[in-house]
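Asks: Chains Y and G, in that order, give the protein sequences. If you're matching positions, the first sequence starts at 1 in our numbering and goes up one per residue. If you're matching positions, the second sequence starts at 1001 in our numbering and goes up one per residue. This structure is in structure tokens; I'll ask about it shortly.
There are 2 protein chains.
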Amino acid sequence: MKRITIEDVARRAGVSKGTVSAVINARNSVKPETRDHVLEVMKQLHFRPQGIARNLRNGNQDKSIGIIIKDVNYPFYTAIASGVRDYANSKGYSLLIASSENNQQSEKRFSQLFAAKDIKGAIIAPLVEGTAEIEHLFKLKMINYPFVLLEDVSGIQANVVAIDNSQAIKKAVKYLMDCGHTRIVHFAGPPSSSHTEERIEGFRHAFSESTLAFHEDMIVSIGSRHEESYGNTLAYFKKKSRNEYPTAIVCFNDQQALAILTALKELAIRVPDDISIVGNDDISYARIYPVPLTTIRAPQREIGQRAAELLIRNIESSKLLPVERVLLETELIVRDSTRTITR
Amino acid sequence: MKRITIEDVARRAGVSKGTVSAVINARNSVKPETRDHVLEVMKQLHFRPQGIARNLRNGNQDKSIGIIIKDVNYPFYTAIASGVRDYANSKGYSLLIASSENNQQSEKRFSQLFAAKDIKGAIIAPLVEGTAEIEHLFKLKMINYPFVLLEDVSGIQANVVAIDNSQAIKKAVKYLMDCGHTRIVHFAGPPSSSHTEERIEGFRHAFSESTLAFHEDMIVSIGSRHEESYGNTLAYFKKKSRNEYPTAIVCFNDQQALAILTALKELAIRVPDDISIVGNDDISYARIYPVPLTTIRAPQREIGQRAAELLIRNIESSKLLPVERVLLETELIVRDSTRTITR
DNA sequence: AAGAAAGATTGAATCGGTTCAGAAGTTTTC
DNA sequence: GAAAACTTCTGAACCGATTCAATCTTTCTT
């Protein structure tokens, strides 16, 4: 089935392409009767102008940028997107959001789609193995709009705006140690995320800077999707007797923390009385969790704003700017899910 | 500053456009030395291929649809978007998300942007006054890709997938009446939303179908943005003496319900002991609200899926399909924020 | 060393619109 | 009633890539 073009309309209406174009663009240099006739023919033919052709001729005026996040349903990412949006809007850019849903195929598809649509630049929360892919895309297949990464992926030479994950976890662990906890455990995230690595790293570091000893079994991989984390938490505690329980858990993120909270409730383990919980991210709902969550706040809107600022600076610069890497500070937010231990 | 084209590269590298194109597309019909040289020149010139031109020539292969939601940070909309995404993916379409942030300008900009990018179709949660605008855009300015609306806007002749808002509120009110409540109030949403109208309508209807009398002051307009609803709730109760308090509030949506819950806590009004609260939407966090929320569930993912299904059916049909209007059923979810009244 | 085969490059046509100088037709002016 | 001034329309050129038949080079055969 062939596409109906402006030419088909022109032929059928007995006018020139130019006239049809004038009708489409509502130029008033067209006699009303002619216009109505052309409009009529367009309707008959189900004509639909192809924006891309118009855009090519007009030099692709519209200023738009894209963001690829990992999950539209996780407020952490939507908050970042809001930050991006605010800054982008103030500079006259429109933001298109794509969600990779933690799927590398999608990530790749979207970065190509952005190129096909001639987006001016993109902000990407990369999946870890995806990075090599992305670099590959950008290097070889010439999908080379400016971009900013939201994770500090090792090895890639690119603009990055992120938080210092290692520091964040350290803050959590240090705080718990200050509260007198000694049996601290880290419930780690999905192995596919670079965040997971960095956070484990930070956990280790916190111990090496303290007098407490680190053991491998303090790292428990339970994922971050609700069902998965919930199930793994249940399993973890069912394998242990009560006196083997840790007194504190440092979570991968707040989403995971909620699943843990739910599982603990089911197991009749009280928070913070029996176990203290520290989250990560401080999503907007963390404050209303069944137990309001002590967590490490990542400045989500600011991340978005800074990333947008950096991206747009790169887009609008005539020369190639040197790569930048900005790490934002996190902040410990103490709520009700942690308590001090008195010996 | 002129855009660098394939021609500039060709000239500078002393080859033809065809060769440069071959290099870009990594066709192996190019001698390695030539390729390296061209690549080098491209780097020097900061050449970046224009996807739009390529796309025009290739007949815009990529299948993508868009969705315009009102707020990326409200889980109700992201859940719908997920539903759309799932269905779209299963049919090979990519989903681009845009957030109008309740701003009509944005809504308009995005619908035009989608046209410029030659998106195949769109799903739109329209702002009420925006509807006339949208219709205008689609009728006159020829931005006429197929689209599906997520609200049943009166007057517009378009595909709609939505819930029956009036029914939903009726369910809430009936339930409260069955629980023995007589002093029921509706905290209405922002006047700019058609949802607001329909919900007020449903509230009225529920009374006219009962033995209880309706009074205008049972409708209290407090908005849905957190700060606004919170403040208005505080103000509402401060104006009243305790014996004038309603015994139940039907909320505009769950976001608003959370603000109300927060305000009531501040006022030391207990839920559900002093006042019962019924939300609307059943966003995923409603179950973990400080008081787990009794609410009317809108089948969010299903809304998304059905909308996507309808949209894609329209996109892929060769003839113009008749307009469809599907209203999905809601469901009362009873949790802890409501109680029965014993006289 | 000539002819054939394989490899590399060219360039005109193409995608579907927009633009604008100028042609054709119509109305106003004096 | 001829010139001037409008009003409508036309159609060739253009936007920036891709494609592919035709041509030019190089390598291989015998």
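Beta carbons: idealized from backbone N, C-alpha and C, even for Gly. For clarity, every value in this text was computed on a predicted model and none was experimentally measured.
Can you grab the Cα-Cα spacing for the pair residue 1223 of chain G / residue 1160 of chain G, in whole Å?
Replies: Their Cα atoms are separated by approximately 25 Å.
Asks: Below 7 Å on C-beta distance, what does residue 52 of chain Y contact in chain G?
Replies: Near residue 52 of chain Y (Cβ distances below 7 Å), the residues of chain G are 1052, 1055, 1056, 1060 and 1118.
Asks: For residue 1279 of chain G, list the residues DSSP reports as bridge partners.
Replies: Its beta-bridge partners are G:1295.
Asks: Considering Cα atoms alone, identify which of Y:103, Y:93, Y:104 and Y:101 is closest to residue 1099 of chain G.
Replies: Comparing Cα-Cα distances from residue 1099 of chain G to each of Y:103, Y:93, Y:104 and Y:101, the minimum goes to Y:93.
Asks: How far does the alpha helix (DSSP H) with residue 66 of chain Y in it reach, from first residue to last?
Replies: Segment 64 to 69 is the beta strand (DSSP E) holding residue 66 of chain Y; no alpha helix (DSSP H) there.
Asks: What is the rounded straight-line gap between the Cα of residue 1237 of chain G and the Cα of residue 1247 of chain G?
Replies: Cα to Cα, residue 1237 of chain G sits roughly 12 Å from residue 1247 of chain G.
Asks: Spatial neighbours of residue 296 of chain Y within its chain, please: CB distance less than 8 Å, with the 5 preceding and 5 following residues excluded, ordered by chain position.
Replies: Result list for residue 296 of chain Y: 168, 169, 171, 172, 278, 279, 280, 281, 282, 330, 331, 332 and 333, in chain order.
Asks: Going along the chain, which residues of its own chain have a beta-carbon closer than 7 Å to the beta-carbon of residue 1166 of chain G, five neighbours each way excluded?
Replies: Closer than 7 Å at the Cβ level, and outside the excluded window around residue 1166 of chain G, lie 1198, 1201, 1202 and 1205.
Asks: Keeping to the same chain, check which residues put their C-beta closer than 8 Å to that of residue 220 of chain Y; ignore five residues upstream and five downstream.
Replies: For residue 220 of chain Y, where only same-chain residues beyond five positions count, the Cβ hits under 8 Å are 185, 186, 187, 188, 232 and 236.
Asks: Could you tell me how far apart the beta carbons of residue 163 of chain Y and residue 298 of chain Y are, in whole angstroms, since I believe they sit closer than 8 Å?
Replies: Going by Cβ atoms, the distance from residue 163 of chain Y to residue 298 of chain Y rounds to 5 Å, so yes, they are a contact pair.
Asks: Taking 9 Å as the threshold (beta carbon to beta carbon), is residue 279 of chain Y in contact with chain G?
Replies: With 9 Å as the cut-off, residue 279 of chain Y does not count as an interface residue toward chain G.
Asks: Would you identify the three-state DSSP class for residue 1035 of chain G, choosing helix, strand or coil?
Replies: Helix at residue 1035 of chain G.
Asks: Let me know the secondary structure DSSP gives residue 186 of chain Y once reduced to three states.
Replies: If DSSP states are grouped into helix, strand and coil, residue 186 of chain Y belongs with the strands.
Asks: Just curious, the beta strand (DSSP E) that residue 1162 of chain G is in, first and last residue?
Replies: First-last of the beta strand (DSSP E) with residue 1162 of chain G: 1159 to 1163.
Asks: Is residue 1337 of chain G closer than 9 Å to residue 1289 of chain G when the C-beta atoms are compared?
Replies: It is a contact, given that the beta carbons lie within the stated cut-off.
Asks: So who's on the other strand from residue 149 of chain Y, going by DSSP bridges?
Replies: DSSP output for residue 149 of chain Y lists Y:124 and Y:160 as bridge partner(s).
Asks: Please state whether the Cβ-Cβ distance between residue 1320 of chain G and residue 1306 of chain G is less than 9 Å.
Replies: No, the Cβ-Cβ distance between residue 1320 of chain G and residue 1306 of chain G is not below 9 Å.
Asks: State yes or no: is the beta carbon of residue 66 of chain Y nearer than 9 Å to at least one beta carbon in chain G?
Replies: At least one chain G Cβ lies under 9 Å of residue 66 of chain Y.
Asks: Restricting to Cα atoms, I'd like to know which of Y:12, Y:118, Y:340 and Y:77 is closest to residue 300 of chain Y.
Replies: The candidate whose alpha carbon is nearest that of residue 300 of chain Y is Y:77.
Asks: By DSSP's criteria, residue 1323 of chain G is part of a beta bridge. Which residues make up the other side?
Replies: BP columns for residue 1323 of chain G are empty, so no partner.
Asks: Relative to chain G, which residues along the stretch 73 to 84 of chain Y have a C-beta separation below 8 Å, given in chain order?
Replies: So the close ones are 73, 75, 78, 79, 81 and 82.
Asks: Assuming residue 220 of chain Y is part of the beta strand (DSSP E), what are its boundary residues?
Replies: First-last of the beta strand (DSSP E) with residue 220 of chain Y: 219 to 221.
Asks: Could you pull the DSSP bridge partners for residue 333 of chain Y from this structure?
Replies: Residue 333 of chain Y pairs with Y:295.
Asks: Could you name the residues of the stretch 1005 to 1036 of chain G whose beta carbon sits closer than 7 Å to any beta carbon of chain Y, in the order they occur along the chain?
Replies: Listed by position, the residues of the stretch 1005 to 1036 of chain G near chain Y (Cβ gap below 7 Å) are 1024 and 1026.
Asks: Which residue's Cα is closest to the Cα of residue 1062 of chain G: Y:122, Y:116 and Y:250?
Replies: Of the candidates Y:122, Y:116 and Y:250, the one whose C-alpha sits nearest the C-alpha of residue 1062 of chain G is Y:116.
Asks: Can you check whether the CB of residue 75 of chain Y is closer than 9 Å to the CB of residue 284 of chain Y?
Replies: Going by C-beta atoms, residue 284 of chain Y is nearer than 9 Å to residue 75 of chain Y.
Asks: Taking 9 Å as the threshold (C-beta atoms), are residue 84 of chain Y and residue 65 of chain Y in contact?
Replies: Result yes, Cβ atoms of residue 65 of chain Y and residue 84 of chain Y sit closer than 9 Å.
Asks: Please tell me whether residue 257 of chain Y has its Cβ less than 9 Å away from any Cβ of chain G.
Replies: No - not a single Cβ of chain G is within 9 Å of the one on residue 257 of chain Y.
Asks: Cα separation between residue 1271 of chain G and residue 1183 of chain G?
Replies: Going from the Cα of residue 1271 of chain G to the Cα of residue 1183 of chain G covers about 15 Å.
Asks: Taking 9 Å as the CB-CB limit, is residue 1199 of chain G close to chain Y?
Replies: False, the Cβ-Cβ gap to chain Y never drops below 9 Å.
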